[in-house]
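Asker: According to the numbering used here, the sequence shown holds residues 69 to 205 in order. Note that CB positions come from ideal geometry on N, CA and C, so glycine has one too.
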Amino acid sequence: MIIDAKNTLLGRLCSYAAKQALLGHNVEVINSEEAVVSGTKANILANYEKRIDRKAPNKGPFLYRRPDFFVRRTIRGMLPWKRYRGREAYKLVKCHIGVPETLKSEKAVHVKDISASKLKIDHVKVKEICRSIGSKA
69 MIIDAKNTLL GRLCSYAAKQ ALLGHNVEVI NSEEAVVSGT KANILANYEK
119 RIDRKAPNKG PFLYRRPDFF VRRTIRGMLP WKRYRGREAY KLVKCHIGVP
169 ETLKSEKAVH VKDISASKLK IDHVKVKEIC RSIGSKA
């Protein structure tokens, strides 16, 4: 199953992908940098920058700075990670920046309920969040 993350809410996208992975489907998320987090830009960026600025950086929490890893880690948060089936489901999840050459001929799924086009509030793309916490991509 290939899911296009362009202009979709991150939390809803990740919960949908986690459910599909738990059902045993191979889940590939394309355009992961185009996913959206709802809220004002200042609040969201301040929240993630606050998570990075810790006094003991070797004790976590660890945030991925690349958008594909960032989305994959969010999907992991929706899985029962401490159980065997959660770890096996996580192995079925792959996220990509843009659309890879191997998946260009495949048809991607656009889930209607997770679209951010109906949002009337502010939102920030994952790409902007990752850049603010130190990504070079």
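Taking the C-alpha atoms as reference points, what is the distance between Gly92 and Ile98?
Answerer: Counting from one through the sequence shown, the residue named residue 92 turns up at place 24. Counting from one through the sequence shown, the residue named residue 98 turns up at place 30. Going from the Cα of Gly92 to the Cα of Ile98 covers about 19 Å.
Asker: Who pairs with Leu77 in a beta bridge, going by DSSP?
Answerer: Numbered from its first residue, the sequence shown carries residue 77 at position 9. Answer is Val104.
Asker: Applying the criterion that 16 or more other CB atoms from any shown protein chain within 10 Å of the CB defines a buried residue, is Leu187 buried or exposed?
Answerer: Numbered from 1 along the sequence shown, position 119 holds the residue referred to as residue 187. Leu187 comes out exposed.
Asker: Can you list, in chain order, the residues of its chain with a C-beta nearer than 8 Å to that of Gly202? Leave out the 5 residues immediately preceding and following it.
Answerer: In the sequence shown, residue 202 corresponds to position 134, counting from 1. Around Gly202: Ile120 and Arg133.
Asker: To the nearest angstrom, how far is it from the Cα of Asn111 to the Cα of Ile189?
Answerer: Position 43 of the sequence shown, counted from the start, is the residue given in the question as residue 111. Position 121 of the sequence shown, counted from the start, is the residue given in the question as residue 189. Going by the C-alpha atoms only, they are around 13 Å apart.
Asker: Using the Cβ count rule (16 or more neighbours within 10 Å means buried), how would you classify Tyr84?
Answerer: As a first step, residue 84 is located in the sequence shown; it is residue number 16 there, counting from the start. It counts as buried.
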